[in-house]
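In my numbering, the protein residues as written are 28 to 275.
Given below as structure tokens:
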């Protein structure tokens, strides 16, 4: 796996989407999606300096990024700016995650509001790096995501940062134990940023069934939104959870 020589502020969390880590010594292929040429150049230079074997492509918008991702070439990671011209909110992130769910997306944005970071994670981002962060933070984030983890800026994923957390809640592992196997599957797909229709299609059930499962997950976990589901369950041992599910 990719080596890192110095620590940087941030939290590495398990990623349950099944994306395999980049093999040790392999050439990485990344695409940078940003509508500011100077920032693309700076980011590309930083990546090439840290990962000399990396192949770096650039795209100036979501349409050109999707075209590049559709060419059939193996791309290991997308670095995405949220605030590009003609892109509303998280539409760009959602579009890429929906069309290319196996390619992790690391958001690199000028926005540094923790609420926006949590929303990006809830929509399936594999990590979030504010543009104001230093180069070591960026390199650690890329390393963690390529190695199959989620990178969260320091202070975003801590228990005290979760809105609506109630004192005296049972540990998350105990609350997770109350979920049925199907609800655990739905939870994992929510964690991947999938929409109800996508979940329904993959599980072979109706939208109303998925909505009912989501409502029960919210109730049993004691949270009020999909974003909180992502944050509350970020530190779970997903291999252990999946190992407890029936094989059928």
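Here a beta-carbon is modelled for each residue, glycine too, at the ideal position from N, C-alpha and C.
Computed from a prediction, not measured in an experiment: that's the story for all the values here.
Inter-residue Cα distance where the pair is residue i and residue j
i           : j           : result
residue 132 : residue 58  : 10 Å
residue 208 : residue 73  : 43 Å
residue 64  : residue 248 : 44 Å
residue 84  : residue 56  : 8 Å
residue 54  : residue 68  : 20 Å
residue 210 : residue 250 : 15 Å
residue 90  : residue 151 : 19 Å
residue 238 : residue 216 : 13 Å
residue 206 : residue 149 : 20 Å
residue 228 : residue 253 : 19 Å
residue 255 : residue 70  : 31 Å
residue 234 : residue 223 : 6 Å
residue 111 : residue 198 : 39 Å
residue 123 : residue 147 : 12 Å
residue 259 : residue 245 : 11 Å
residue 166 : residue 115 : 28 Å
residue 154 : residue 168 : 7 Å
Bridge partners - residue i, DSSP secondary structure assignment
i          : result
residue 63 : According to DSSP, residue 63 bridges with nothing at all.
residue 27 : In this structure the chain extends from 28 to 275, so residue 27 is not present and cannot be described.
residue 83 : 57
Residue i in three-state terms, based on DSSP
i           : result
residue 257 : helix
residue 154 : strand
residue 237 : helix
residue 147 : helix
residue 191 : Residue placement at residue 191 is flagged as unreliable, the pLDDT there being 38, under the threshold of 50; a coordinate-derived value is accordingly withheld.
residue 181 : coil
residue 159 : coil
residue 204 : coil
residue 198 : coil
residue 140 : coil
residue 98  : coil
residue 224 : helix
Given residue i as reference, the closest of the options once Cα atoms are compared
i           : options               : result
residue 138 : 150, 156 and 149      : 156
residue 135 : 161, 241 and 81       : 161
residue 119 : 86, 102 and 101       : 86
residue 257 : 200, 229 and 214      : 214
residue 177 : 204, 245 and 219      : 219
residue 105 : 245, 173 and 244      : 173
residue 103 : 228, 212 and 171      : 171
residue 62  : 113, 75, 93 and 101   : 113
residue 109 : 76, 75 and 158        : 158
residue 231 : 212, 107, 180 and 121 : 212
residue 225 : 201, 121 and 154      : 121
Subject >> Cβ pair count under 8 Å reaching 3, the stretch 74-83 against the stretch 112-128 >> reply: Counting C-beta pairs with one atom in each stretch, the stretch 74-83 and the stretch 112-128 have fewer than three that are closer than 8 Å, which means they do not touch.
Subject >> Cβ pair count under 8 Å reaching 3, the stretch 90-101 against the stretch 140-149 >> reply: Contact between the stretch 90-101 and the stretch 140-149 is absent: fewer than 3 CB-CB pairs across the two stretches fall below 8 Å.
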